Amino acid sequence: MIKNISNLGDAAVYCDFGPEVNETVNSNVINYFNHLTDLVNKEKIQGINNLTPSYNKLIISFDLSLTNFVNLKETIQNLNIEKNIKIKNKKIEIPVCCDNEYGLDFDRLSKKLNLSKEEILKFFFEKEYFCYMTGFIAGMPFLGDINEKIRCNRLETPRVKVPKGSVGITEQFSNIYTFESPGGWNIIGNTPKKLFKKLNLKDPALVKPGDKVSFYQISKEEYLKLND
Amino acid sequence: MTDTYFEILRPGINTTMQDAGRNHLYHIGVTISGAIDQRNYKLANSLTDNKLNDTVIEFAYQGPLLRLNNGKINFAITGDIFFNIIRNNSMIEEGKCYQNYILNDGEQIDVISTKKSIYGYLSVNGGFELEEMWKSCSINTKAQIGPNNGKKYSINEKIFIKKSTIKNIKYKKIVYKNSFDNIVRVIKGTNFNYFSSEAQNIFFKEEYSVTRLVDRMGMRLDGPNLENIINTNIKSEGLIRGTIQVPADGKPIILLSDHGTIGGYPKIAVVISADLDKVAQFSPGTKIRFEEVNLVEAEKLFNSYTEETNKYLNEHS
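As given, the protein sequences belong to chains R and X, one line each in that order. Its first residue numbered 0, the first sequence is counted upward by one per residue in numbering that gives the first Met the number 0. Its first residue numbered 0, the second sequence is counted upward by one per residue in numbering that gives the first Met the number 0.
Structure follows, in structure tokens:
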């Protein structure tokens, strides 16, 4: 449940779900997000521009000429959100090629984690992940939690350009760079799958908050065949 | 389709289509975009009798050189801009912002540069032939979303202009002066207490200068370091336009219209809505100062900002 509601500037509501980051807390955030999205779509709430769920926060930005913080705070406090509701989620499988030309950081990871590349990959591919949030850049999913044995900090100096499709890990999370972008995650492979299709107007992002994702390894030949 | 179009003889530095922005997509990482200076954007539309949320051309620093082909249009430019109109008889007419002009077939608009600010707007009566993407024609070059394949305009491209529905074009003019006031009013951010009390004082007392690292995503500032005493990273969370983040290097960054939707740097403050247009126009080298206001004051200031905008919108002569 929401622990604290405050204002972020004069045109956003900041809902804090507490300091913990786990699937239960995040499911709660997504639950509120889904509920509010539904009310916005049915035009039962005025003035909301955007809802951004993240690990343990929900940020609601609004049009200050149509509503204000006090109004929205009251609306949110009076929402009747069912506890422990099962959120609907899709299961998505994503192919990844981990040849060294795509997995840019195996040397660094092997040294830091004291594991071979094969061991890192075994731990990475054996789990199914939960999508905590999507964003930063269009369609980028933040997935977790990865096995404790392969957790590692960000690069000390971020890359100026991480190639599109790169699959990265850092701390308890994994993500996929949907566009070429600056970034500091440890890159272990690349997927040929398009995660953001702007021409698919109704549903452009493949992975959305609450979805389940599993990865499977492919060879370079398969990668090149799948590359669109 | 019409056959009236601008031919781009020189694209300028960052020429894009912009409108009121794109909403309801933050949760999948698509940012708001839209004209970075919303008041000047609306004034441009108003001068050419468009709807206030019609799409206009936004340019930065050096603007485009455009030749009109196959038609006659009514256009206006807003901002703090130096531009010429090149008439068919090779006469060069110095352009004035905040009034509308007739441009004849074959004539050119040369947007030479912005003066003290960064962005300007060019609207044409009737608007442009563009396809909406999620109810907006704003171009977001980072995610390649919007018209022109989500890219800024380049040389020799064509921008098609819709047929005007107005028969008699009236001359219009707004008496408007851009504010170059350098006080930025802010509300304390959700991580204000991450900073040492000395840093909190410095933030509101000292001057910060706008660096050259300015684009539609954000504005990096230089000035005294802001010491973080808790953590230079937070759990990534949603961001909004006007958020002032402070990464580990202690220098603030103000997020603008094409900002990333989530991020993990502490938020020291948020620019109030009434000051967003002004902030976006600060050019590199500008010295600015932050001033704290509370939520109630910020809402009042926004009302005054809106009233003032409406006053100019209704003030045509």
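For glycine and all other residues, C-beta sits at the position ideal for the given N, C-alpha and C. All of these numbers come straight from a predicted model, not from anything done at the bench.
Item                                                                                                                                                                                : Value
Just the chain X side, please: which residues come within less than 7 angstroms of Pro52/R by C-beta, in chain order?                                                               : His26
To the nearest angstrom, report how far apart Asn48/R and Asn190/X are at their CA atoms.                                                                                           : 23 angstroms
Whole angstroms is fine: what's the gap from Ile72/X's alpha carbon to Phe58/X's?                                                                                                   : 19 angstroms
Ignore the nearest five residues each way along the sequence and tell me which others in Phe178/R's own chain have a CB closer than 6 angstroms to its CB.                          : Ile136 and Lys163
Taking beta-carbon pairs under 9 angstroms, can you tell me which members of the region 18 to 33 of chain R lie near chain X?                                                       : Pro18, Val20 and Phe32
Does the distance between the C-beta of Met216/X and the nearest non-hydrogen atom of the ligand ADP fall short of 7 angstroms?                                                     : Ligands in the displayed structure: none, and consequently the ligand ADP is not present.
So if DSSP puts Arg66/X in a beta bridge, which residue, or which two residues, is it bridged to?                                                                                   : Glu6/X and Gln107/X
In three-state terms, what does DSSP make of Thr66/R?                                                                                                                               : coil
Give the interface partners of Leu154/R over in chain X, defined as CB-CB distance under 7 angstroms, in chain order.                                                               : Within 7 angstroms Cβ-Cβ: nothing; Leu154/R doesn't reach chain X, min ~14 angstroms.
Using DSSP bridges, identify the partner residues of Arg219/X.                                                                                                                      : Ile252/X
Quick one: is Phe123/R near chain X, going by C-beta distance under 8 angstroms?                                                                                                    : no
For Leu154/R, which three-state DSSP category applies?                                                                                                                              : coil
For Cys14/R, list the residues DSSP reports as bridge partners.                                                                                                                     : Ile4/R and Leu57/R
Can you name the residues that DSSP bridges to Val123/X?                                                                                                                            : Phe74/X
Closest by CA to Gln37/X, which one among Lys115/X, Glu131/X and Thr77/X?                                                                                                           : Thr77/X
Could you give the first and the last residue of the continuous beta strand (DSSP E) run that contains Leu102/X?                                                                    : Asn99 to Leu102
When you compare the CB of Phe135/R with every CB in chain X, is at least one pair closer than 8 angstroms?                                                                         : yes
In or out: Gly11/X buried (at least 16 other Cβ within 10 Å) or exposed?                                                                                                            : buried
Of all Cβ atoms in chain X, is any one closer than 8 angstroms to the Cβ of Gly164/R?                                                                                               : no
If I measure Cβ to Cβ from Lys162/X and keep anything under 7 angstroms in the same chain, skipping five residues before and after, which residues do I get?                        : Thr1 and Gly125
Quick one: what does DSSP say Tyr118/X is sitting in, helix, strand or coil?                                                                                                        : strand
By how many angstroms is the C-alpha of Thr113/X removed from the C-alpha of Asp104/X?                                                                                              : 26 angstroms
Provide the residue(s) that pair with Arg184/X in DSSP beta bridges, ordered along the chain.                                                                                       : Glu290/X
Given that a residue counts as buried once 16 or more other Cβ atoms are within 10 Å of its Cβ, and exposed if not, what is Pro63/X?                                                : buried
Should the region 223 to 243 of chain X be regarded as contacting the region 54 to 65 of chain R, the criterion being three or more beta carbon pairs within less than 8 angstroms? : yes
Show which residues of chain X have a CB atom less than 7 angstroms away from the CB atom of Asn67/R.                                                                               : Glu298
Please report the residue range of the alpha helix (DSSP H) in which Leu103/R lies.                                                                                                 : Element bounds for Leu103/R: n/a, residue is neither H nor E.
For the alpha helix (DSSP H) that Val166/R lies in, which residues bound it at each end?                                                                                            : From DSSP, Val166/R is part of no alpha helix (DSSP H) but of the beta strand (DSSP E) over Ser165 to Thr169.
List the residues that DSSP assigns as beta-bridge partners of Thr15/X.                                                                                                             : Glu57/X
Determine whether the beta carbon atoms of Tyr4/X and Asn99/X lie at a separation below 8 angstroms.                                                                                : no
Could you tell me which chain X residues have their CB closer than 8 angstroms to the CB of Ser5/R, listed as they occur along the chain?                                           : Thr189
Run through DSSP, which three-state label would Arg86/X get?                                                                                                                        : coil
Taking Lys56/R as the query, report the chain X residues whose CB atoms sit under 7 angstroms from its CB, ordered along the chain.                                                 : Glu236 and Gly237
Helix, strand or coil: how does DSSP classify Gly263/X here?                                                                                                                        : coil
Considering Ile215/R, what are the terminal residues of the beta strand (DSSP E) in which it resides?                                                                               : One detail in the question is off: residue 215/R reads as Tyr in this sequence, not Ile. Per DSSP, Tyr215/R belongs to the beta strand (DSSP E) from Lys211 to Ile217.
If you draw a straight line from the C-alpha of Phe127/X to the C-alpha of Phe74/X, how long is it?                                                                                 : 12 angstroms
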